[in-house]
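Residue numbers (this note's numbering): 25 to 255.
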């Protein structure tokens, strides 16, 4: 009996000793392995937390302070001069473009005459427009020109002559001030023009010192109406 008790005590002492002196509790309990540095999770987080790379310095571009030239008008020509100025002329027949003009200034006419004008074909009754600002100097009905308008421009140097009109615009009168683009009459075939070819006969005269509406030196209006030349 005494021997049995001694064996029991020894067994208890052995168990206690193994518990105290054996492997650590973490090994016995199967503790989890710590996360490895550089794992996918830690790398992703490091990328998110990293500061943004510095933005490369840029050299500022100086602003262009040069003046921008004025844009041309829809037709590609230099803008029309201000009111009252002598320069580019408006086409005097409504709806006719510069590309439709023909230079008839030097064409021969009856009795050995030279045309000294440009003819602009258009249907009868098409509005005729003042080519520039000015004053109606004379309304005249002649054998050759039919119903005509003599317009002086403000400087008194040039006279614009419109002929073969079907009729005048309502209210048109001598000494009346008219504006560029204003309707002054309508295309016709009065005078010696053919009824089968109604047109506007247009001339420009350089006036002498006497400023006589019936007398002046003719110059070719074609380059002025084409926008190629100014008076």
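No residue lacks a Cβ here, since even glycine has one placed at the ideal position from N, Cα and C. Model, not experiment: these values are computed from the prediction.
Taking the alpha-carbon of residue i as reference, which of the options has the nearest alpha-carbon?
{"i": "residue 148", "options": "220, 112, 250", "result": "220"}
{"i": "residue 206", "options": "153, 140, 167, 232", "result": "153"}
{"i": "residue 227", "options": "201, 195, 182, 214", "result": "182"}
{"i": "residue 209", "options": "217, 191, 140, 201", "result": "191"}
Is the separation between the beta-carbon of residue i and that of residue j shorter than 9 Å?
{"i": "residue 223", "j": "residue 146", "result": "yes"}
{"i": "residue 215", "j": "residue 172", "result": "yes"}
{"i": "residue 235", "j": "residue 169", "result": "no"}
{"i": "residue 114", "j": "residue 255", "result": "no"}
{"i": "residue 258", "j": "residue 242", "result": "In this structure the chain extends from 25 to 255, so residue 258 is not present and cannot be described."}
{"i": "residue 174", "j": "residue 238", "result": "yes"}
To the nearest angstrom, report how far apart residue i and residue j are at their CA atoms.
{"i": "residue 143", "j": "residue 124", "result": "11 Å"}
{"i": "residue 126", "j": "residue 252", "result": "14 Å"}
{"i": "residue 203", "j": "residue 233", "result": "24 Å"}
{"i": "residue 193", "j": "residue 151", "result": "9 Å"}
{"i": "residue 211", "j": "residue 176", "result": "20 Å"}
{"i": "residue 201", "j": "residue 189", "result": "19 Å"}
{"i": "residue 166", "j": "residue 248", "result": "26 Å"}
{"i": "residue 120", "j": "residue 156", "result": "16 Å"}
{"i": "residue 244", "j": "residue 164", "result": "22 Å"}
{"i": "residue 128", "j": "residue 217", "result": "15 Å"}
{"i": "residue 250", "j": "residue 117", "result": "13 Å"}
{"i": "residue 213", "j": "residue 184", "result": "19 Å"}
{"i": "residue 246", "j": "residue 230", "result": "15 Å"}
Can you tell me which of the three DSSP states residue i falls into?
{"i": "residue 175", "result": "strand"}
{"i": "residue 113", "result": "coil"}
{"i": "residue 165", "result": "strand"}
{"i": "residue 107", "result": "At residue 107, the pLDDT of 35 sits below 50, so the modelled position is not reliable; the number obtained from the coordinates is stated separately. DSSP places residue 107 in coil when its eight states are reduced to three."}
{"i": "residue 88", "result": "Because residue 88 sits at a pLDDT of 45, beneath the cut-off of 50, its placement in the model cannot be relied upon, and the following sentence gives the value as read from the coordinates. In this structure, residue 88 counts as coil in the three-state DSSP scheme."}
{"i": "residue 239", "result": "coil"}
{"i": "residue 304", "result": "Look at the range of the chain in this structure, 25 to 255, and you will see that residue 304 is not part of it."}
{"i": "residue 196", "result": "coil"}
{"i": "residue 249", "result": "helix"}
{"i": "residue 143", "result": "strand"}
{"i": "residue 187", "result": "strand"}
Looking at C-beta atoms only, is the number of pairs between the region 156-173 and the region 194-201 that lie closer than 8 Å three or more? yes
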